[in-house]
Amino acid sequence: RIDETWIRRLPKAETHVHLEGNFELIDLLDLAKEAGEPLPGPAATLFDVTTHDASDGTGDLADFLRFLDWECGLIRTPEQAARHAYSFAARQTASGIGYTDAVINPTHWAAWSGRVPALFDALAAGLDEAEQDGLAEVQLCYSLLRQQSAGEAGEVVEWLATARPRRVVALSIDGDERSAGRVSARFAEAFTAAKDAGLRRTVHAGESSGPEGVWDAIRLLHAERIDHGVRAVEDPELLRYLAETQIPLGVCPRSNVVLGLYDDWSDHPLVALRDAGVNVTINTDDPAPLGTTLEADWAVCAETFGLTEDDLIGFARASIAASFAGDATKRALE
Ligand code: ADE
Ligand code: ZN
């Protein structure tokens with residue numbers, strides 16, 4: 017088994033990880049206490065909540081997203097938001113991740129409804145402080161939720177384009193595509209406006225949607241990167257297209273296994289995608305509730321798929337190249 021310390025030391029980036037998926041148990045206990053909130057779930061223990069696992073039939077993506085709502089709903093003050101961003105940067109740094117594109121979807125953060133700019137100010141302040149303390153750089157991808165309307169998406173992009181909130185480099189979209197339906201067309205205008213405003217574009221697709229979701233992300237939303245995208249493996253024409261264009265897929269094997277997309281790591285298409293010439297990176301998605309770290313997941317991939325140290329060096333290089341880091345950051349990492 018490849019040593020996790022060796023993996024931590026590899027210069028790398030993470031391109032698919034959510035700020036919503038970074039609440040440690042200890043932080044949640046503190047936040048729930050500060051908020052005067054009971055712990056959720058019938059057994060009312062955090063252990064039950066965070067060991068939530070679709071593979072035993074107890075939960076799926078929809079339940080998982082509701083859990084993220086609960087966690088993020090505990091963040092009510094700018095100080096808490098800044099502290100959360102700071103510990104996110106600390107956690108990334110501890111995994112040897114020199115640069116992160118972090119997804120943040122304000123619809124999960126109920127206490128900030130109607131005052132999203134204040135949330136972004138607080139997150140940027142926490143990330144600034146982290147960098148001043150020598151922790152790794154984190155930039156933000158503002159994520160729409162699949163269930164939002166075209167009007168809401170338009171307002172978000174107008175705000176991003178005019179206010180230019182610090183650290184936001186991209187527009188993203190995430191959430192459950194099964195309950196939303198095939199709705200990418202609804203967001204086409206917003207993604208075009210984001211492109212015109214110089215924002216990068218990343219789209220969750222090919223997880224709770226099939227290959228058609230990935231095609232829509234490319235054709236309708238001009239995605240520069242796909243988050244997940246694993247179900248592209250079911251469409252040979254799409255595989256050829258992805259190999260030709262080298263649009264990166266931010267793959268998250270553990271998330272897919274825990275949330276029930278594949279029964280086991282050995283069923284996961286990571287290597288099939290790579291062997292088809294697709295540009296893939298390995299990411300955690302939501303490491304804290306999934307109980308993992310990036311280095312642990314890379315080690316499991318290496319063991320499951322027989323990856324060598326050279327393979328992992330290749331994945332590390334691919335992660336830096338696929339990131340939305342600035343040129344100076346990329347050069348420093350390469
Ligand atoms: N938000 C956080 N994790 C997600 C996932 N795996 N799919 C869609 N939206 C998400
Ligand atoms: Zn995700």
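Just so you know, the sequence shown maps onto residues 17 to 350 in our numbering. Don't be surprised by glycine CBs; every beta carbon is placed ideally from N, CA and C.
Cα-Cα separation between residue i and residue j, rounded to whole angstroms
| i | j | result |
| --- | --- | --- |
| Ile113 | Val273 | 23 Å |
| Leu254 | Arg198 | 17 Å |
| Ala110 | Arg17 | 20 Å |
| Ile234 | Ala210 | 15 Å |
| Ala204 | Thr123 | 20 Å |
| Ala186 | Gly170 | 15 Å |
| Thr218 | Lys346 | 19 Å |
| His220 | Leu328 | 24 Å |
| Ala141 | Arg25 | 27 Å |
| Ala98 | Phe80 | 24 Å |
| Arg216 | Gly226 | 23 Å |
| Asp11 | His100 | With the chain covering 17 to 350 only, the question about residue 11 has no answer from this structure. |
| Ser103 | Cys157 | 18 Å |
| Glu20 | Gly229 | 34 Å |
| Asp76 | Leu275 | 5 Å |
| Ala348 | Glu223 | 33 Å |
| Ile10 | Gly307 | Since the first residue of the chain shown is 17 and the last is 350, residue 10 is not available in this structure. |
Classification of residue i by the beta-carbon crowding that lies within 10 angstroms, buried from 16 upward
| i | result |
| --- | --- |
| Ser193 | Reading off the sequence, residue 193 comes out as Glu, not Ser. Per the 10 Å Cβ criterion, buried. |
| Asp190 | buried |
| Gln164 | buried |
| Ala138 | buried |
| Asp301 | buried |
| Gly8 | Past the boundaries of the shown model lies residue 8; the chain is included only from 17 to 350, so the question cannot be answered. |
| Glu130 | Checking the displayed sequence, the identity of residue 130 turns out to be Gly instead of Glu. With fewer than 16 other Cβ atoms within 10 Å, it is exposed. |
| Pro162 | Note that residue 162 is Arg in the sequence shown, not Pro. Burial call: buried. |
| Ser282 | exposed |
Close Cβ partners of residue i (< 7 Å) along its chain, the five nearest in sequence each way excluded
| i | result |
| --- | --- |
| Lys28 | Gly112, Ile113, Gly114, Ala332, Ser335, Ile336 |
| Leu236 | Ser200, Ala201, Ala204 |
| Phe39 | Glu87, Ala304 |
| Ala106 | Ala146, Leu151 |
| Ile23 | Glu311, Trp314, Ala315, Leu328 |
| Glu250 | Gly226, Pro227 |
Same chain, Cβ closer than 8 Å to residue i, neighbours up to 5 away in sequence not counted
| i | result |
| --- | --- |
| Glu350 | Pro27, Arg333, Ile336 |
| Ala206 | Leu160, Ala166, Ala169, Gly170, Val172, Val173, Leu187 |
| His238 | Phe207, Thr208, Lys211, Arg217 |
Residues of its chain near residue i, where Cβ-Cβ distance is below 6 Å and the 5 sequence neighbours each way are ignored
| i | result |
| --- | --- |
| Thr116 | Glu30, Gln108, Val154 |
| Leu84 | Glu36, His124 |
| Ser339 | Ala29, Thr31, Tyr115, Asp117 |
| Asp232 | Ser200 |
Closer than 8 Å to chain C by CB, residue i
| i | result |
| --- | --- |
| Ser339 | Here there is only one protein chain, and chain C is not present. |
task = Please confirm if the stretch 307 to 319 is in contact with the stretch 79 to 99, defined as three or more CB-CB distances below 8 Å between the two stretches.
result = no
key: beta strand (DSSP E) runs contained entirely in the stretch 257 to 302, provided each spans 3 or more residues   = 265 to 267, 296 to 298
inquiry  = If contact is defined by three or more beta carbon pairs under 8 Å, each pair taking one atom from either stretch, is the stretch 30 to 50 in contact with the stretch 261 to 271?
reply    = yes
task = Flag this pair as touching only if the stretch 47 to 54 and the stretch 81 to 90 have three or more C-beta atom pairs under 8 Å; answer yes or no.
result = yes
key: alpha helix (DSSP H) runs contained entirely in the stretch 85 to 127, provided each spans 4 or more residues   = 94 to 110
key: Sequence ranges, alpha helix (DSSP H) only - wholly within the stretch 301 to 344, length at least 4   = 310 to 321, 325 to 338
request  = May I have a chain-ordered list of the alpha helix (DSSP H) segments no shorter than 4 residues that lie completely inside the stretch 184 to 266?
outcome  = 193 to 196, 204 to 212, 227 to 235, 252 to 261
ask   = Could you give the uninterrupted runs of the beta strand (DSSP E) lying entirely in the stretch 124 to 183, keeping only those of 3 residues or more?
value = 153 to 161
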